[in-house]
Amino acid sequence: MDLNLFVWRQKRPDEKGAMERYEAEDISPDMSFLEMLDVVNEELIKRGMEPIAFDHDCREGICGMCSQVINGIPHGPREKTTACQLHMRNFKDGDTIYIEPFRAKAFPVIKDLIIDRSALDRIIQAGGYISAHTGGVPDANTILIPKEDADTAMDAAECIGCGACVAACPNGSAMLFTAAKVSHLAVLPQGKIEAARRVCVMTEAMLKEGFGNCGNHYECQAACPKGIKVKFIAKLNREYIKAQIGIK
Amino acid sequence: MRFFQNTVGRKIIVAATGQIMVVFVVLHLLGNPLNPYPVKLPDIGSLKQLLRVLLLLSFIFHAFLGVQVAIENRAAKPQTYVVRKKFHTNFAAENMLWTGILAAAFIIYHLLGASMPGAGSGYIGTVIYLVGLTALFLHLYHGIASFFQTVGCNNERTLPVIERIGKGMAVIMLVGYAYMMLLNWP
Chain A
1187 MDLNLFVWRQ
1197 KRPDEKGAME
1207 RYEAEDISPD
1217 MSFLEMLDVV
1227 NEELIKRGME
1237 PIAFDHDCRE
1247 GICGMCSQVI
1257 NGIPHGPREK
1267 TTACQLHMRN
1277 FKDGDTIYIE
1287 PFRAKAFPVI
1297 KDLIIDRSAL
1307 DRIIQAGGYI
1317 SAHTGGVPDA
1327 NTILIPKEDA
1337 DTAMDAAECI
1347 GCGACVAACP
1357 NGSAMLFTAA
1367 KVSHLAVLPQ
1377 GKIEAARRVC
1387 VMTEAMLKEG
1397 FGNCGNHYEC
1407 QAACPKGIKV
1417 KFIAKLNREY
1427 IKAQIGIK
Chain B
12 MRFFQNTVGR
22 KIIVAATGQI
32 MVVFVVLHLL
42 GNPLNPYPVK
52 LPDIGSLKQL
62 LRVLLLLSFI
72 FHAFLGVQVA
82 IENRAAKPQT
92 YVVRKKFHTN
102 FAAENMLWTG
112 ILAAAFIIYH
122 LLGASMPGAG
132 SGYIGTVIYL
142 VGLTALFLHL
152 YHGIASFFQT
162 VGCNNERTLP
172 VIERIGKGMA
182 VIMLVGYAYM
192 MLLNWP
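Chains as they are written, first to last, in my numbering: chain A, 1187 to 1434; chain B, 12 to 197.
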């Protein structure tokens, strides 16, 4: 199939970018979205033009490197699917596709569709960990965790830190990301010890990095390729209140 | 002081003060002398002055922190998309700052009117009241349910239910106040 692409091109972080039009020809419906871009780039290189820069790594939906807004939706039109796992069969011959980088003040564009997401790493560095003495591997089941808690923790821990929630949020807030990290540790006994400090410093770090405040728009939940629910934001808010009034 | 600077802390204050004012909006409709089916509210005597102070403080904190948060949110999203698809958000949620400012201006106008004859009557007064009521309606349409998420009283099951109740409450307030206005049409 043949497609009509409008892609954000920006040479440098300080340069003003613009949408540019490209034609993608002879695209197989079995290609992934990134493979389609590879084909377009091959053509651009052949013609001596600068290829479109985009982030990618695992291409199997687990690394969180894709950072494209496809037709107005982070990671594109397919629910709970990263851009790399999105196949061209989701589009029709002759479609026009708009491709833009994730937008937020905390995610400056480096080049074209590549953005700097290290702000998310700094939120994690602020408190998204547990302090434990290293040593031998502990015996299995020394700390018993109810199945329900383990499931909740795993649901939150599914977050791959791609930043689609920030891209979708009208306020450029990283609340869903922060909430997922706070929640997955807070429900487990290992994480409970530092839960109060963690929720405070991570939310402070979020604001310091230039992310906005959650406005309960819930666009993040719709955009999340891992289906992280906004119930975790309510959980973060509860954790914050608990931390303030001193409930362990 | 960290509570007043924290993203969650400030939102909790905005949510709680907002909901205090919502309770007043509901009681104001029920006990209104213009209400054809008035509900007799208990006489609270001098406690009334205390509640007035509480409402004033709520108004001030809600407005100040609400505007501060909104300014930060705009700064955090300096560039929008050429194409953008929305899923869950709506006009009311996206315009909380503007409907809030309009509703605040309307409330001040309305309070002045209580001691100033003429405000709220005549064509201009009626239009101002209708615009003010609509702004308040849109503000509550997102605000009432939002409170529960912000204070953490929400989960996957309750969220859609709370949202429907909040939106329904906002509609009832709009219809109720507009009906009272029409009854007193000059």
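Don't be surprised by glycine CBs; every beta carbon is placed ideally from N, CA and C.
Because the structure is a prediction, the values reported are computed rather than measured.
Checklist entry - Listed from N- to C-terminal order along the chain, which residues in the region 160 to 186 of chain B have their beta-carbon within a distance smaller than 8 Å of any beta-carbon of chain A? => result Taking 8 Å as the Cβ-Cβ cut-off against chain A, the residues of the region 160 to 186 of chain B that qualify are GLN160, THR161, VAL162, GLY163, CYS164, ASN165, ASN166, GLU167 and LEU170.
Checklist entry - Are the region 1341 to 1352 of chain A and the region 1367 to 1374 of chain A in contact at 8 Å, needing three or more beta carbon pairs? => result Judged by Cβ distances under 8 Å, the region 1341 to 1352 of chain A makes contact with the region 1367 to 1374 of chain A, as three or more pairs qualify.
Checklist entry - What is the C-beta distance between PHE1293/A and VAL1255/A, in whole angstroms, given that I count them as a contact (C-beta under 8 Å)? => result Within the first sequence, numbered from 1, the residue matching residue 1293/A stands at position 107. Within the first sequence, numbered from 1, the residue matching residue 1255/A stands at position 69. No, PHE1293/A and VAL1255/A are not in contact; Cβ-Cβ is about 11 Å, not under 8 Å.
Item to check | Three-state secondary structure (DSSP) of HIS150/B | outcome: Stepping through the second sequence from its first residue, residue 150/B is reached at position 139. In this structure, HIS150/B counts as helix in the three-state DSSP scheme.
Next on the checklist: For THR18/B, report the span of its beta strand (DSSP E) as first-last.
Outcome noted: Here residue 18/B is taken as the residue at index 7 of the second sequence, counted from 1. Judged by DSSP secondary structure, THR18/B falls outside any beta strand (DSSP E) and instead within the alpha helix (DSSP H) spanning 18 to 41.
Item to check | Three-state class that DSSP yields for HIS1242/A in the structure shown | outcome: Residue 1242/A sits at position 56 when you count from the first residue of the first sequence. In the structure shown, HIS1242/A sits in coil (DSSP, three-state: anything other than H, G, I, E or B).
Next on the checklist: Short of 8 Å Cβ to Cβ, which residues in the region 1281 to 1297 of chain A face chain B?
Outcome noted: Within the region 1281 to 1297 of chain A, the residues whose Cβ lies closer than 8 Å to some Cβ of chain B are TYR1284, GLU1286, ARG1289, ALA1290, LYS1291 and ALA1292, listed in chain order.
Next on the checklist: DSSP has ASN1190/A in a bridge; who is on the other side?
Outcome noted: To locate residue 1190/A, count along the first sequence from 1; it is residue 4. According to DSSP, ASN1190/A bridges with GLU1209/A and THR1282/A.
Item to check | Cβ contact (3+ pairs, closer than 8 Å) linking the region 1349 to 1361 of chain A and the region 1401 to 1416 of chain A | outcome: Flag = yes, the region 1349 to 1361 of chain A and the region 1401 to 1416 of chain A touch.
Next on the checklist: Going by DSSP, what residue range makes up the beta strand (DSSP E) through LYS1297/A?
Outcome noted: For the purposes of this step, residue 1297/A is taken as the residue at position 111 of the first sequence. Here the beta strand (DSSP E) through LYS1297/A covers 1295 to 1297.
Checklist entry - Around the C-beta of TYR1520/A, are 16 or more other C-beta atoms found within 10 angstroms, so that it is buried, or is it exposed? => result Because chain A here runs from 1187 to 1434, residue 1520/A falls outside it and cannot be looked at.
Next on the checklist: Check whether the region 1300 to 1310 of chain A and the region 1276 to 1283 of chain A are in contact - that is, three or more C-beta pairs closer than 8 Å.
Outcome noted: Fewer than three pairs of CB atoms, one per stretch, sit closer than 8 Å, so the region 1300 to 1310 of chain A makes no contact with the region 1276 to 1283 of chain A.
Next on the checklist: Would ALA81/B and LYS1291/A be called neighbours here (beta carbons separated by less than 9 Å)?
Outcome noted: The sequence position of residue 81/B within the second sequence is 70, counting from 1. The sequence position of residue 1291/A within the first sequence is 105, counting from 1. No; because the gap between Cβ atoms is not below 9 Å, this pair is not in contact.
Item to check | Any chain A beta carbon closer than 9 Å to MET32/B | outcome: On the second sequence, position 21 is the one that residue 32/B refers to. Answer no: the Cβ-Cβ gap between MET32/B and chain A never drops below 9 Å.
Next on the checklist: At 3 residues or longer, what runs of the beta strand (DSSP E) sit wholly inside the region 1241 to 1274 of chain A?
Outcome noted: For the beta strand (DSSP E) assignment, the uninterrupted runs of no fewer than 3 residues enclosed by the region 1241 to 1274 of chain A are, from N- to C-terminal side, 1254 to 1256.
Checklist entry - Does LYS22/B come within less than 9 Å of chain A when only Cβ atoms are used? => result Here residue 22/B refers to the residue found at position 11 when the second sequence is read from its first residue. Answer yes: the Cβ-Cβ gap between LYS22/B and chain A drops below 9 Å somewhere.
Checklist entry - In whole angstroms, what is the alpha-carbon distance linking GLU1206/A and TRP1194/A? => result Within the first sequence, numbered from 1, the residue matching residue 1206/A stands at position 20. Within the first sequence, numbered from 1, the residue matching residue 1194/A stands at position 8. Near 6 Å, if we compare the C-alpha coordinates of TRP1194/A and GLU1206/A.
Next on the checklist: Taking the alpha helix (DSSP H) that THR100/B belongs to, which residues open and close that run?
Outcome noted: Numbered from its first residue, the second sequence carries residue 100/B at position 89. Counting along the chain, THR100/B falls outside any alpha helix (DSSP H), and DSSP gives it neither H nor E.
Checklist entry - Counting pairs of beta carbons, one from the region 1304 to 1321 of chain A and one from the region 1390 to 1400 of chain A, are three or more of them closer than 8 Å? => result Yes, the region 1304 to 1321 of chain A touches the region 1390 to 1400 of chain A.
Item to check | Residue-level contact to chain B via CB, ILE1259/A, 9 Å cutoff | outcome: Locating residue 1259/A in the first sequence gives position 73, where the first residue counts as 1. Answer yes: the Cβ-Cβ gap between ILE1259/A and chain B drops below 9 Å somewhere.
Next on the checklist: Residues in the same chain with beta-carbon distance under 6 Å from PRO1215/A, minus the five sequence neighbours each way, listed in chain order, please.
Outcome noted: Here residue 1215/A refers to the residue found at position 29 of the first sequence. Around PRO1215/A: MET1274 and ARG1275.
Checklist entry - Taking the C-alpha atoms as reference points, what is the distance between ASN106/B and LEU147/B? => result In the second sequence, residue 106/B corresponds to position 95, counting from 1. In the second sequence, residue 147/B corresponds to position 136, counting from 1. Going from the Cα of ASN106/B to the Cα of LEU147/B covers about 11 Å.
Next on the checklist: DSSP three-state label for ILE1300/A, please.
Outcome noted: Here residue 1300/A refers to the residue found at position 114 of the first sequence. Note: ILE1300/A maps to strand in three-state DSSP.
Next on the checklist: Quick check on DSSP: helix, strand or coil for SER1359/A?
Outcome noted: Start at 1 with the first residue of the first sequence, and residue 1359/A comes out as number 173. In this structure, SER1359/A counts as strand in the three-state DSSP scheme.
Checklist entry - Residues in the region 70 to 103 of chain B with C-beta within 9 Å of chain A's C-beta atoms, listed in sequence order? => result Listed in chain order, the positions of the region 70 to 103 of chain B with a beta carbon within less than 9 Å of a beta carbon of chain A are VAL80, ALA81, GLU83, ASN84, ARG85, ALA86, ALA87, LYS88, PRO89, GLN90, THR91, TYR92, VAL93, VAL94, ARG95, LYS96, LYS97, PHE98, HIS99, THR100 and ASN101.
Next on the checklist: With distance defined between alpha-carbon atoms, name the residue in THR1328/A, LYS1378/A, ASP1335/A and TYR1426/A nearest to ALA1365/A.
Outcome noted: Stepping through the first sequence from its first residue, residue 1365/A is reached at position 179. Closest option to ALA1365/A, Cα to Cα, is TYR1426/A.
Item to check | Which of helix, strand or coil DSSP assigns to SER1369/A | outcome: For the purposes of this step, residue 1369/A is taken as the residue at position 183 of the first sequence. DSSP places SER1369/A in helix when its eight states are reduced to three.
Item to check | Three-state secondary structure assigned by DSSP to ARG85/B | outcome: Locating residue 85/B in the second sequence gives position 74, counting from the first residue. Per DSSP, reduced to three states, the secondary structure at ARG85/B is helical.
Next on the checklist: Can you pull out the residues from the region 1390 to 1410 of chain A whose beta carbon lies closer than 8 Å to at least one beta carbon of chain B?
Outcome noted: The region 1390 to 1410 of chain A vs chain B, Cβ under 8 Å: GLU1390, MET1392, LEU1393, GLY1396, PHE1397, GLY1398, ASN1399, CYS1400, GLY1401, ASN1402, HIS1403, TYR1404, GLU1405, GLN1407, ALA1408 and ALA1409.
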